[in-house]
Amino acid sequence: MLGAALLLSALEAQGVDVVFGLPGGSVIPLYDCLKDFNIRHILTRHEQGAVHAADGYARATGKVGVCFATSGPGATNLVTGIATAQMDSIPLVCITGQVSSPLLGKDSFQEAYTVGICQPVTKHTYAITKASEIPDVVAEAFFVAKTGRPGPVVIDIPKDIFTQEAPPAIDGGKVRERVALKFKAYTINKEQVRKAAKMLTEAQKPVMIVGGGVNISEKNHRLLTQLVEKTQIPVSETLMGRGVFTNEGVLNLGMLGMHGTTAANYAVQNADVILAIGMRFDDRVTSDVSKFAPKAKIIHVDIDPAEIGKNVVVDLPIVADSEEFLMVLNEVMAAVANRQEWLDELKAHTKMVKSPANSVLPPKEMFAVIDKLLDEDTIVVTDVGQHQMWAALFLNPRRTRRFLTSGGAGTMGYGFPAAIGAKFGQPDKKVVLITGDGSFQMNLQELAVVKKFRLPIKICLVNNGYLGMVRQWQEMFHNGNYAETTLDAAPNWQRLAQAYDINYVCIENLDDAAQKLAVVFNDDEPYLIDLLVDHTANVYPMVPAGCGLDEIVGDFENEA
8 MLGAALLLSA LEAQGVDVVF GLPGGSVIPL YDCLKDFNIR HILTRHEQGA
58 VHAADGYARA TGKVGVCFAT SGPGATNLVT GIATAQMDSI PLVCITGQVS
108 SPLLGKDSFQ EAYTVGICQP VTKHTYAITK ASEIPDVVAE AFFVAKTGRP
158 GPVVIDIPKD IFTQEAPPAI DGGKVRERVA LKFKAYTINK EQVRKAAKML
208 TEAQKPVMIV GGGVNISEKN HRLLTQLVEK TQIPVSETLM GRGVFTNEGV
258 LNLGMLGMHG TTAANYAVQN ADVILAIGMR FDDRVTSDVS KFAPKAKIIH
308 VDIDPAEIGK NVVVDLPIVA DSEEFLMVLN EVMAAVANRQ EWLDELKAHT
358 KMVKSPANSV LPPKEMFAVI DKLLDEDTIV VTDVGQHQMW AALFLNPRRT
408 RRFLTSGGAG TMGYGFPAAI GAKFGQPDKK VVLITGDGSF QMNLQELAVV
458 KKFRLPIKIC LVNNGYLGMV RQWQEMFHNG NYAETTLDAA PNWQRLAQAY
508 DINYVCIENL DDAAQKLAVV FNDDEPYLID LLVDHTANVY PMVPAGCGLD
558 EIVGDFENEA
């Protein structure tokens, strides 16, 4: 078989049904073989669109996302998306073309040292030197991408390898023993879980923090709900953990951190025991780490031992997969009779943010309208900025894998192609994109994909005429010097939608939102929804950088 056919055969053996990509000189032989395989290729209009789409596909389905790119600029255009996936622990296999082997190292046309460029932002990289390596490398790449803490893997293949002949793989490829050992999943220490159960049982003011590592498994929603019903321990989610815990009431504290709820931040700062599962104590969660959770003993559960103790001092470390940990903890944890005093204390310290006075389309109320239109299976995808934080605060995703966002890297331009990938991965589920007029302009060329396939994605464009989050910081910390954050010369959004044969709706006030969005969300067609929010609206609550989580800024309803 040709190397290109070997690669596609190996991908089929891994269950790959969709890939996202953009052809170029070095990968023409690969694309030439696509017609002979049952792999659907989605032509994006930029390689960054391809890698973000593969990322959205992976987050929505739990499978490994796959993308193709050519050599040189094709490969380097993937780097931002690879780094995004690495920060958020998303399993990808990115296959890049390379100049032919005799041209390597000679500054040849469209040559780049792809493996070296990508190595710092991947879980692993491979450089193929002969076609016969392809089946084993592909098998290993998928094993590495999804085993333990997931992450992106890059396979770089010179053009001549695609046309080189090699025997077909009978077994679909094998994983070497040393690779299996290096990237193995850890076996849970049940004695450590029993210690955790004892600490939680004896705690007077416990709180759980769940992160993206819990959002990986569809079962974790049920397991976490079962644990909370038994123990009455309130739950806070990180941005990456939104959707894991959906119970209403005081036990659901919402998101914590820089833009976290007052209840979540108060709970963490006053807890005596914190159970943190599948989260890494990122600075957006802890703020000033020296002021973080001063009264608490911390139990940290993570599949990656490198994360435990990296940012905060941990009292009880547990290296484990979140699903296995929750199953074992549910088995050994006894029911707790009453934590009402702690829950009443949290309720007393819950403050609701006021909407801006005289605002005709206040974000809080606007997102409440959107939230009512979401069902259990709706996948919400966000870009990065103020709209992302409003979505995290005011929308309530109903299950795991229903809230997709760029957390660690904070990648503007992520949301739209990720929503496309999610829709291809889950074609029977509604997909709603929450984006901003800054983020959307970074990858709006992918409207061509929506047009071609008539993808019924609802693009909610939170349009305030600014790079909103930067403007907010300039207002609060730089004396209102709005240096280069005004998005003048914006496109005529209605004409842009028309250019791509996509429906357009403009929402100017809450009455518009209530009347028009219900119709739009029930129509099985793509829509660009122009939400004209107040350009001065800020995201609150907010913990300024360098402050403790109890040093919250905001205008609250129950304060004079």
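Read the sequence shown against my numbering and you will find it ends at 567, with the numbers running on by one and no gaps. Ideal Cβ positions, reconstructed from N, Cα and C, are used throughout, including at glycine.
If you compare the alpha carbons of G81, G10, K226 and T87 with that of V144, the shortest gap goes to G10. Contact annotation: L381 and L538 have beta-carbon atoms that are not nearer than 8 Å. Counted as a single uninterrupted DSSP element, the alpha helix (DSSP H) harbouring C125 occupies residues T121 to C125. Assignment of I325 by DSSP, reduced to helix, strand and coil, places it in the strand class. At least 8 Å separates the beta-carbon of V457 from that of G422.
In the three-state scheme derived from DSSP, where H, G and I count as helix and E and B as strand, G63 is classed as helix.
F75 places its beta carbon 8 Å or farther from that of V106. I177 is classed as exposed because its beta carbon has fewer than 16 other beta carbons within 10 Å across all chains shown. Only exposed fits F116, as fewer than 16 other CB atoms lie within 10 angstroms of its CB. In this chain, the alpha helix (DSSP H) harbouring K459 covers L454 to F460. By the Cβ neighbour-count rule, D114 is exposed, with fewer than 16 other Cβ atoms within 10 Å of its own. The shortest CA-to-CA distance from M483 to any of V546, A497, P463 and D531 is the one to V546. Membership of G428 in the alpha helix (DSSP H) is indicated by the continuous run G422 to G432.
Here Q393 is buried. Its C-beta has 16 or more other C-beta atoms within 10 Å. Within the same chain, and ignoring the five residues on either side of A426 in sequence, the residues whose Cβ sits closer than 7 Å to its Cβ are G63, V388, V438, L440 and I464.
Between G79 and the set E118, P98 and R66, the nearest pair of CA atoms involves E118. Here DSSP, grouped into helix, strand and coil, assigns E172 to strand. In this structure, G72 is the residue among A92, P36, G72 and R52 with its C-alpha nearest to the C-alpha of Q433.
Beta-bridge partners assigned by DSSP to S224: none are found. In the DSSP annotation of this structure, the continuous segment of the alpha helix (DSSP H) that includes D518 starts and ends at L517 to F528.
Straight through space, the alpha carbons of A429 and S96 are spaced by roughly 17 Å.
Residue state for C467 is assigned as strand, using DSSP reduced to three classes. Put simply, the backbone Cα of K70 is about 27 Å away from that of N196. Assignment of S33 by DSSP, reduced to helix, strand and coil, places it in the helix class. Straight-line measurement puts the Cα of T238 at about 13 Å from the Cα of A203. Each residue's CA atom was taken as its position, placing G155 and D328 some 7 Å apart. Beta-carbon to beta-carbon, G553 and D295 are separated by about 5 Å, close enough to satisfy the 8 Å threshold.
Following the DSSP letters along the chain, one finds M215 in no alpha helix (DSSP H) but inside the beta strand (DSSP E) bounded by residues P213 to V217.
Here the alpha carbon of E515 sits roughly 48 Å from the alpha carbon of G316. A direct Cα-to-Cα measurement between L350 and V242 gives close to 11 Å. In this structure, the CA atom of A138 is about 43 Å from the CA atom of G445. The three-state reading of DSSP puts D378 in helix, counting H, G and I together. Between G256 and V221, the gap from beta carbon to beta carbon reaches 8 Å or more. Per DSSP, the unbroken beta strand (DSSP E) holding F27 starts and ends at V25 to G28. For Q55, the closest alpha carbon among the candidates T121, Q452 and K42 is that of Q452. DSSP, read as helix, strand or coil, puts I89 in helix.
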